[in-house]
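With this note's numbering, letter number 132 in the sequence shown gets 321, and the count goes up by one each step, no holes. Just below is one structure, and these are the notes that go with it.
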Amino acid sequence: MKKRCLLIVTALLLCATLPAFALMLSDDVGDSLTGVSNAVNGGRVAMGKGTLFFVNKERYLMQSNPPFQRSERAYGAVEYASLDTLNGDIYYFHHYLAERGEKPTTFTVVGRGKFYEPGKPNKYVTRIVRDSINKKGRLTLVNVSERIRSLSVTQNKVLYVLSDSLVSTDIKSTATKEIPIYFQGKQMDVHYVFPYGEYAYFNSKNDGLLYRVPLTGQHAEQISDRKVGAFTIAKMGPEEVLLFSDAKSSLFSWPLDGSSSPALVEGVKASVLNADETYVYFANAADGHKVYRLELETGEATPLSSHAVKSIYVFDDYLAYEQRSDTSLYVMSKGGGQAVLLGR
């Protein structure tokens with residue numbers, strides 16, 4: 190009887206534990222495709238805990254909630270850039286004036302002549318920050334020497350471009366290191382990048398071509414034979430593919446397993462790209478760079494907005510985009526409908 194009770198208790202414990210264990214394992218199954226290319230699109234918009242964060246034209250960090258009719262400053266002390274969110278935190282680049290300097294002056298001392306005081310320069314703080322959404326708890330992850338670009342957050346690292354080099358900062362330890370990238374014996378400069386799976390995908394400042402490199406660095410793999418503008422990862426049925434467009438906005442797809450060469454996607458001209466688990470979102474260069482949604486497997490393209498755009502940000506329920514003619518940002522439902530101008 191005791192053995193039977195023990196078996197029942199053990200079984201109950203296993204039933205309670207296995208779902209949590211499965212959930213733990215599920216974190217390692219794969220990265221989400223939703224907004225995978227947000228960093229490449231400029232990093233001006235991010236979303237977390239139902240709040241939309243964006244950098245306005247004055248470079249303040251703003252926040253807004255559905256239906257996005259009102260916006261307010263999240264913090265002061267400009268400037269902000271390169272936003273991303275993960276697990277209830279927002280990550281961003283922050284550059285602000287910490288101490289105002291003094292102008293040089295000339296003064297005269299009677300009997301001794303003129304003297305020159307050189308003054309003091311302004312002191313700035315330039316850093317990458319992790320901040321809890323709707324809570325106190327701002328943490329400087331790393332101070333940097335200059336502006337960064339293309340910031341993305343994984344489960345344990347912040348990845349970004351600093352001085353044309355790929356750099357990672359550990360979220361817990363804040364340990365920071367440059368990720369070395371080589372191709373044919375030469376060190377590469379990175380333009381824009383995003384991480385997915387075990388790789389970082391980037392276009393090179395050296396030649397404009399598209400590459401990928403393991404997140405540990407070293408030897409890069411060339412993907413495109415032509416200069417690329419936009420690029421993202423998306424799903425074509427059950428298969429994951431890398432999409433990229435060239436200088437003429439022609440769209441190409443390449444299977445992530447590398448089993449074949451990049452292939453032309455017929456009938457699509459894309460100047461901007463992003464994706465989620467189901468669709469590709471692109472600026473249709475054949476229709477005034479307006480926002481479209483594409484089902485890759487069928488080739489069905491659906492117009493979503495009449496605005497001409499230069500960037501698209503993708504979230505669970507919403508799209509945001511930057512107007513092509515200026516810096517105006519809009520947000521709209523992924524299903525279509527009226528777009529709302531942010532920061533009015």
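For glycine and all other residues, C-beta sits at the position ideal for the given N, C-alpha and C.
How is residue i classed by DSSP in three states: helix, strand or coil?
i, result
"ASP320", "strand"
"ASP476", "helix"
"ARG337", "Residue 337 is actually Ile in this sequence, not Arg. In the structure shown, ILE337 sits in a strand (DSSP, three-state: E or B)."
"GLU387", "coil"
"TYR349", "strand"
"LEU214", "Interpretation of LEU214 is limited by its pLDDT of 38, a score under 50 that renders its predicted location unreliable; no figure is taken from the coordinates."
"VAL299", "coil"
"VAL229", "coil"
"LYS394", "coil"
"LYS437", "coil"
"ILE370", "strand"
"GLY290", "coil"
"MET425", "strand"
"GLU268", "coil"
"LYS499", "strand"
"GLU455", "strand"
Buried or exposed for residue i, please, with buried defined as at least 16 other CB atoms from any protein chain shown within 10 angstroms of its CB.
i, result
"SER450", "exposed"
"ASP505", "exposed"
"SER226", "buried"
"PHE210", "Residue confidence is low: PHE210 scores 40 on pLDDT, short of 50, so the model does not pin down where it sits. Its coordinate-derived value is still stated next. Exposed, because fewer than 16 other Cβ atoms sit within 10 Å of the Cβ of PHE210."
"PRO310", "exposed"
"PRO427", "exposed"
"ALA436", "exposed"
"ALA287", "exposed"
"SER339", "buried"
"SER448", "exposed"
Can you check whether the CB of residue j is closer than 8 Å to the CB of residue i?
i, j, result
"SER438", "ASN230", "no"
"TYR502", "ASN463", "yes"
"ALA237", "ASN254", "For clarity, residue 237 is Gly in the given sequence; the question names Ala instead. Not in contact: GLY237 and ASN254 (Cβ atoms no closer than 8 Å)."
"VAL457", "LEU483", "yes"
"SER357", "VAL347", "yes"
"ALA419", "SER434", "yes"
"ILE368", "GLY406", "yes"
"GLU387", "LEU404", "yes"
Measure the alpha-carbon distance for residue i versus residue j and round it to whole angstroms.
i, j, result
"LYS416", "GLY397", "5 Å"
"LEU241", "PRO293", "44 Å"
"GLU335", "TYR507", "32 Å"
"LEU518", "LEU530", "6 Å"
"SER495", "TYR249", "27 Å"
"LEU351", "GLY526", "38 Å"
"GLU511", "ARG319", "25 Å"
"ARG327", "ALA266", "14 Å"
"VAL218", "THR363", "Any reading at VAL218 needs caution, since the residue's pLDDT is 46, under 50, leaving its predicted position unreliable; the model's value is listed next. Near 25 Å, if we compare the C-alpha coordinates of THR363 and VAL218."
"VAL299", "GLU306", "16 Å"
"ARG401", "LEU222", "17 Å"
"ASP278", "GLN373", "39 Å"
"PRO256", "VAL480", "20 Å"
"PHE243", "TYR280", "12 Å"
"ARG513", "GLY302", "59 Å"
"LYS312", "ARG289", "6 Å"
"SER354", "PHE441", "26 Å"
"THR421", "ASP414", "17 Å"
"TRP443", "PRO384", "16 Å"
"SER522", "ALA509", "9 Å"
"THR365", "THR491", "43 Å"
"ILE370", "VAL331", "22 Å"
"LYS246", "GLY532", "9 Å"
What residues are listed by DSSP as bridge partners for residue i?
i, result
"ILE279", "THR274 and ASP320"
"ASN463", "TYR470"
"ASP408", "The question names Asp, but residue 408 is His in the sequence shown. Answer by DSSP bridge pairing, in chain order: TYR371."
"GLN252", "PHE242 and GLU261"
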